[in-house]
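Following: one structure in structure tokens, then a few remarks.
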Amino acid sequence: MMDSHASMTNLPDSAEGQAHTPRAEEEHAHPDWSIYWKVALILTLITVGEVWAFYLPSFAASRGFVPTLLFLSGLKFTIVVMFYMHLKYDHRLFRVLFTGPLLVASITLIGLLFLFGHLHIKIM
Amino acid sequence: MPASVAHTSAPTSHHYTTLGLDSRKVAIWAFIGSECMLFVSLISTYLIYKGRSIVGPFPHETWTDPATGHVFKPILNIPVTSASTFVLLMSSLFMVLALAAVQNKEKPKHTRGERVLGNSKLWLWMTAIAGATFLGFQAFEFTSFVHEGLSIRTNLFGSSFFTLTGFHGAHVTAGVIWLVTLLAIDYRRGLGSKDSLLVDIAALYWHFVDVIWIVIFTLVYLIK
């Protein structure tokens with residue numbers, strides 16, 4: 004372990020591109036154009052769906068409107084993070100560094116919304 | 111001299127952690143994590159103040175000023191913002207293509223399509239132009255809002271809206287400047303696969319700015 008670290012830390016700049024461990028190298032195998040354009044198409048279609056839902060008065064007034072939009076927005080968020088930011092393919096440390104603060108922030112957001120009366124829990 | 115001192119005083123040309131990950135990439139992810147908390151705090155502020163403005167203009171409702179009788183239409187322009195959202199989404203596609211072009215710079219390109227996809231300058235230009243277009247849309251939106259009577263001092267909606275979207279716009283501006291510096295490097299000495307990490311880090315920042323807009327577009331513009 005120490006040896007592999009020592010050998011990695013003495014790499015010259017020119018070798019940076021090849022400096023990853025085999026494991027890291029494997030996790031950096033990113034998708035190509037064939038995936039990227041499909042992802043862009045899916046993101047566009049979801050956005051069109053969101054705007055379309057906004058202009059449907061009956062749906063916009065229904066109970067399902069906000070959860071649907073939140074779901075679609077979350078889906079787009081996840082797709083971009085997974086495929087464009089390569090979190091699906093990269094090292095899990097990056098996933099922890101991103102989802103950890105995101106989770107803390109989301110819990111804080113929900114807590115604040117409860118605190119300021121935007122969300123309610125019915126107790127009998 | 112102790113070995114540890116000798117090690118730290120030697121010229122270092124590496125950026126690797128014990129996991130074999132580049133420290134710069136770990137740093138950008140940590141930075142993105144902290145930026146998540148910043149933007150969630152701004153979004154929280156917007157949501158807490160949502161619907162609590164005493165005077166208009168309002169985002170989705172018509173408001174009549176009791177003092178003057180002037181009628182203010184709903185201020186948000188969904189078609190314009192939908193267009194700017196599409197532009198920002200496409201900029202993310204251009205950015206991943208720029209990264210792929212830099213990563214595969216040394217691979218031989220036989221067809222015209224491969225040469226186009228492998229042109230890092232083209233995709234960096236496209237991303238920067240898309241980012242600048244988004245900023246143009248935002249400048250148009252801010253200007254029209256001010257003309258229609260909504261400024262950062264008008265009401266709670268105006269304060270929280272301009273702060274949130276203004277912070278996002280500042281991040282997009284920083285991203286465009288970053289892209290222009292990458293373009294300058296590409297023109298000066300050419301970006302090769304050894305530089306892919308430089309572009310990867312910029313790309314991560316750019317996609318983060320995009321995902322934040324995905325959330326803002328839904329929470330601020332679409333949910334009434």
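Protein sequence lines correspond, in order, to chains L and G. With this note's numbering applied, the first sequence covers 4 to 127. With this note's numbering applied, the second sequence covers 111 to 334. Virtual Cβ for every residue (Gly too), placed ideally from N, Cα, C. Source: prediction; values computed, not measured.
query: What does residue 147 of chain G touch in chain L if you count any residue whose Cβ is under 9 Å from its own?
result: In the second sequence, the residue the question calls residue 147 of chain G occupies position 37. 104, 105, 107, 108 and 111, listed in chain order.
message: Using the Cβ count rule (16 or more neighbours within 10 Å means buried), how would you classify residue 147 of chain G?
response: Here the question's residue 147 of chain G lines up with position 37 in the second sequence. So residue 147 of chain G counts as exposed.
query: Alpha carbon to alpha carbon, how far is residue 145 of chain G from residue 79 of chain L?
result: Against the second sequence, residue 145 of chain G aligns to sequence position 35. Against the first sequence, residue 79 of chain L aligns to sequence position 76. Each residue's Cα considered, the two are about 19 Å apart.
field: 8 Å CB neighbourhood of residue 250 of chain G in its chain, flanking five on each side removed
entry: If you number the second sequence from 1, residue 250 of chain G lands on position 140. The residues are 190.
query: Taking 8 Å as the CB-CB limit, is residue 76 of chain L close to chain G?
result: The residue given as residue 76 of chain L occupies position 73 in the first sequence. It does; some Cβ of chain G falls within 8 Å.
field: Candidates G:195, G:151 and G:264: closest to residue 76 of chain G by CA position
entry: Given a span of 111 to 334 for chain G in the structure shown, any question on residue 76 of chain G remains unanswerable.
field: Secondary structure of residue 54 of chain L, DSSP reduced to three states
entry: By one-based count along the first sequence, residue 54 of chain L stands at place 51. In the structure shown, residue 54 of chain L sits in a helix (DSSP, three-state: H, G or I).
- prompt: Is residue 81 of chain G buried or exposed, if buried means 16 or more other CB atoms sit within 10 Å of its CB?
  reply: Because chain G in this structure spans residues 111 to 334, residue 81 of chain G falls outside the shown range and cannot be described.
Nearest-angstrom Cα separation, counted from residue 159 of chain G out to residue 330 of chain G: For the purposes of this step, residue 330 of chain G is identified with residue 220 of the second sequence, where counting begins at 1. For the purposes of this step, residue 159 of chain G is identified with residue 49 of the second sequence, where counting begins at 1. Distance between the alpha carbons of residue 330 of chain G and residue 159 of chain G is about 12 Å.
field: Proximity winner among G:317, G:219, G:269 and G:302, relative to residue 281 of chain G (alpha-carbon distances)
entry: For the purposes of this step, residue 281 of chain G is taken as residue 171 along the second sequence, with counting starting at 1. Comparing Cα-Cα distances from residue 281 of chain G to each of G:317, G:219, G:269 and G:302, the minimum goes to G:317.
Beta carbon proximity, residue 62 of chain L to chain G, threshold 8 Å: Translated into the one-based positions of the first sequence, residue 62 of chain L becomes position 59. Chain G, which has no Cβ nearer than 8 Å to the Cβ of residue 62 of chain L, makes this no.
message: Counting only C-beta atoms, is residue 172 of chain G closer than 8 Å to chain L at any point?
response: Your numbering for residue 172 of chain G matches position 62 in the second sequence. No, residue 172 of chain G does not count as interfacial toward chain L.
- prompt: Do residue 290 of chain G and residue 209 of chain G have their C-beta atoms within less than 8 Å of each other?
  reply: Taking the first residue of the second sequence as 1, we reach residue 290 of chain G at position 180. Taking the first residue of the second sequence as 1, we reach residue 209 of chain G at position 99. For residue 290 of chain G and residue 209 of chain G, no; Cβs fall outside 8 Å.
query: Got a sec: is the Cβ-Cβ distance from residue 238 of chain G to anything in chain L below 8 Å?
result: Translated into the one-based positions of the second sequence, residue 238 of chain G becomes position 128. Cβ-Cβ to chain L under 8 Å: no for residue 238 of chain G.
task: Determine the closest residue to residue 143 of chain G out of L:112, L:91, L:117 and L:106, with distance taken between C-alpha atoms.
output: Here residue 143 of chain G corresponds to residue number 33 of the second sequence, with the count starting at 1. When each option's Cα is compared against that of residue 143 of chain G, the closest is L:106.
query: Distance, Cα to Cα, residue 34 of chain L vs residue 229 of chain G?
result: Within the first sequence, residue 34 of chain L is the residue found at index 31, counting from 1. Within the second sequence, residue 229 of chain G is the residue found at index 119, counting from 1. Approximately 17 Å, taken between the alpha carbons.
query: By a C-beta neighbour count over all protein chains shown, 10 Å radius and 16 as the cutoff for buried, is residue 180 of chain G buried or exposed?
result: Position 70 of the second sequence holds residue 180 of chain G. Classification of residue 180 of chain G: exposed, given that the 10 Å Cβ count is below 16.
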